[in-house]
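Asker:
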Amino acid sequence: MAFKTSLTFILIQVIIMHKIALIGVGRVGRLALDLLVNDIRGIEVMAVDCRDLSKYIGKYDNVKFVCACKPKEVIRSVIGSDLLALALPSGVVYDILYEALKSSFNIVDVSYIDFDPYILSEIIHEESFYIPNAGFSPGLTNLIAGYVYNKLGELNKLVIYVGGIPTEPIPPVSYQITWNPEDLIEMYTRSVKMVVDGKLKEVDPLDNIFNVEIPGIGSFEGFYSEGLATLTRNIKARNLYEVTLRHPGHLNSMKLLRQLGLFDKEPVEVDGYLIQPYKLTAKIFEKYLKQTIPDQA
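Following this line, the structure appears as structure tokens:
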């Protein structure tokens with residue numbers, strides 16, 4: 421299996437790396453850039469994005485900024501890097517990831533991918549590694565779940581609860597954008613894999629909306645979300661699923677928007693132009709749901 425299973429191997433590789441290329445400088449990528457520049461010593465950092473990054477020049481010392489869009493162009497720009505850190509929208513990450521793996525790069529990817537990373541096993545070179553789903557969720561939550569499984573063995577039930585919501589329910593939909601708005605919409609449309617009574621099944625994320633009470637914190641509503649990633653392969657549990665929390669009322673708002681077709685990818689014609697509704701909705705979210713207060717995981 422081309423996926424490395426030795427954490428020691430990966431840690432040793434990362435420790436000796438000093439040239440890191442960050443591909444994707446959106447909301448999440450910008451935070452990653454801050455961490456790389458401010459918290460890690462002795463590394464060289466390159467930041468690559470399809471958008472103009474000139475506004476960042478001068479804000480970060482010793483960071484090389486590159487504008488590149490096409491997958492092969494992106495990979496050419498990062499030749500010589502020891503590690504690629506990907507923080508890309510799910511709609512564009514696959515082609516860039518594929519080219520990077522073919523070129524034997526070591527990769528850590530926080531993107532909200534919509535495919536099984538194991539399909540890329542055959543193109544991963546033996547001397548390199550690829551860590552998918554390496555964000556907060558999926559990512560950190562999966563590490564914690566794996567730790568519990570390693571300690572306890574086969575489980576009867578494992579439920580992951582995550583949030584990523586503003587500390588207060590901000591109108592109009594009790595939510596503010598903290599990551600790519602197109603991928604936020606994906607959360608409400610993408611089929612969710614879960615294990616129920618020992619069987620893998622897929623459900624609609626908004627078919628079941630339920631109340632979740634967290635003592636000392638408050639009341640929320642939850643829905644099944646696509647965050648298990650590789651856990652369905654690597655953990656034996658009779659029941660296994662992820663629940664994402666939202667402030668009350670938010671999910672019914674999202675359900676209404678979806679029912680109205682505003683999350684659809686099928687283009688509609690408007691004044692002679694073909695527009696994908698979900699892209700328009702994402703732009704509206706970006707404009708009117710800007711983050712103004714801290715979020716909580």
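For this note's numbering, add 420 to where a residue sits in the sequence shown, where the first one is 1.
Backbone N, C-alpha and C fix where the C-beta goes; we use that ideal spot for every residue, glycine too.
1. Measuring CB to CB, does isoleucine 505 end up less than 7 angstroms from leucine 442?
2. Can you check the region 498-573 for any beta strand (DSSP E) of at least 3 residues that lies completely inside it and give the ranges in chain order?
3. Can you list, in chain order, the stretches of the beta strand (DSSP E) that have 3 or more residues and sit fully within the region 438-462?
4. Using a 10 Å radius around the Cβ and a threshold of 16 neighbouring Cβ atoms, would you call glutamate 689 buried or exposed?
5. Quick one: using the 10 Å Cβ neighbour count with 16 as the cut-off for buried, is glutamine 596 buried or exposed?
6. Can you check whether the CB of serine 557 is closer than 7 angstroms to the CB of glycine 692?
7. According to DSSP, is threonine 425 part of a helix, a strand, or is it coil?
8. Short of 7 angstroms in beta carbon distance, which residues of its chain neighbour alanine 717, apart from the five on each side in sequence? Order them along the chain.
9. On the criterion of 16 or more Cβ atoms from any shown chain inside 10 Å, does lysine 613 qualify as buried, or is it exposed?
10. Around the Cβ of proline 697, are there at least 16 other Cβ atoms within 10 angstroms (buried) or fewer (exposed)?
11. Mind checking whether leucine 604 and lysine 675 have CB atoms under 7 angstroms apart?
12. Helix, strand or coil, according to DSSP, for valine 593 in the structure here?
13. How far does the beta strand (DSSP E) with phenylalanine 806 in it extend, from its first residue to its last?
14. Give a yes or no on whether 7 angstroms exceeds the smallest Cβ distance from alanine 649 to chain E.
15. Consult DSSP for asparagine 672 and reduce its assignment to one of helix, strand or coil.
16. Between the Cα of serine 497 and those of Arg658, Gly511, Val465 and Phe535, spot the shortest distance and give me the residue it belongs to.
17. Taking 6 angstroms as the cut-off, does the CB of asparagine 654 come closer than this to any heavy atom belonging to the ligand MN?
18. Under a Cβ-count criterion, where at least 16 other Cβ atoms within 10 Å of its own Cβ denotes burial, should glycine 449 be classed as buried or exposed?
19. By the three-class DSSP mapping on this structure, what secondary structure does isoleucine 477 have?
20. Mapping the DSSP letters down to three states, classify leucine 709 as helix, strand or coil.
21. Within a Cβ cutoff of 8 angstroms, which residues of the same chain sit near valine 632, ignoring the five residues on either side of it in sequence?
22. What number of angstroms, rounded off, separates the C-alpha of phenylalanine 630 from the C-alpha of lysine 522?
23. Going by other Cβ atoms of all chains shown within 10 Å of its Cβ, with 16 needed for buried, is leucine 680 buried or exposed?
Answerer: A quick look at the data gives this:
1. Residue mapping note: residue 505 aligns to position 85 of the sequence shown, counting from 1. Residue mapping note: residue 442 aligns to position 22 of the sequence shown, counting from 1. In the sequence under discussion, the amino acid at residue 505 is alanine, which differs from the isoleucine named in the question. Yes, the Cβ-Cβ distance between alanine 505 and leucine 442 is below 7 angstroms.
2. 503-506 and 527-529
3. 439-443
4. Taking the first residue of the sequence shown as position 1, residue 689 is located at position 269. Flag for glutamate 689 reads exposed.
5. Locating residue 596 in the sequence shown gives position 176, where the first residue counts as 1. Buried is the call here.
6. Along the sequence shown, one-based indexing puts residue 692 at 272. Along the sequence shown, one-based indexing puts residue 557 at 137. Cβ distance not < 7 angstroms, so glycine 692 and serine 557 don't count as in contact.
7. The residue given as residue 425 occupies position 5 in the sequence shown. Only weak support is given to the placement of threonine 425: the predicted model assigns it a pLDDT of 38, under 50, and the value that follows is read from those uncertain coordinates. In this structure, threonine 425 counts as coil in the three-state DSSP scheme.
8. Numbered from 1 along the sequence shown, position 297 holds the residue referred to as residue 717. Closer than 7 angstroms at Cβ, skipping near neighbours: Phe556, Val582, Gly583 and Gly584.
9. For the purposes of this step, residue 613 is taken as the residue at position 193 of the sequence shown. Buried is the call here.
10. Taking the sequence shown and counting its residues from 1, the one referred to as residue 697 is at position 277. Classification for proline 697: buried.
11. Position 184 of the sequence shown, counted from the start, is the residue given in the question as residue 604. Position 255 of the sequence shown, counted from the start, is the residue given in the question as residue 675. Against a cut-off of 7 angstroms, the Cβ pair of lysine 675 and leucine 604 comes out as no contact.
12. One-based indexing of the sequence shown puts residue 593 at position 173. In the structure shown, valine 593 sits in coil (DSSP, three-state: anything other than H, G, I, E or B).
13. Outside the displayed range of the chain (421 to 717) lies residue 806, so it cannot be described from this structure.
14. The chain labelled as chain E is not found in the depicted structure, where only one protein chain is given.
15. The residue given as residue 672 occupies position 252 in the sequence shown. Three-state result, asparagine 672: helix.
16. Residue numbering aside, residue 497 sits at position 77 when the sequence shown is read from its first letter. The shortest Cα separation from serine 497 among Arg658, Gly511, Val465 and Phe535 belongs to Val465.
17. Looking for the ligand MN in the displayed structure turns up nothing, as the structure carries no ligands at all.
18. As a working mapping, residue 449 is identified with position 29 in the sequence shown. Buried.
19. Residue 477 sits at position 57 when you count from the first residue of the sequence shown. Strand.
20. Within the sequence shown, residue 709 is the residue found at index 289, counting from 1. Of the three classes helix, strand and coil, the one that applies to leucine 709 here is coil, per DSSP.
21. Looking up residue 632 in the sequence shown gives position 212. The beta carbon of valine 632 is closer than 8 angstroms to those of Tyr581, Ser639, Phe640, Glu641, Gly642, Val663 and Leu665 in its chain, skipping five residues each way along the sequence.
22. Residue mapping note: residue 630 aligns to position 210 of the sequence shown, counting from 1. Residue mapping note: residue 522 aligns to position 102 of the sequence shown, counting from 1. Roughly 44 angstroms between the two C-alpha positions.
23. Your numbering for residue 680 matches position 260 in the sequence shown. That one is exposed.
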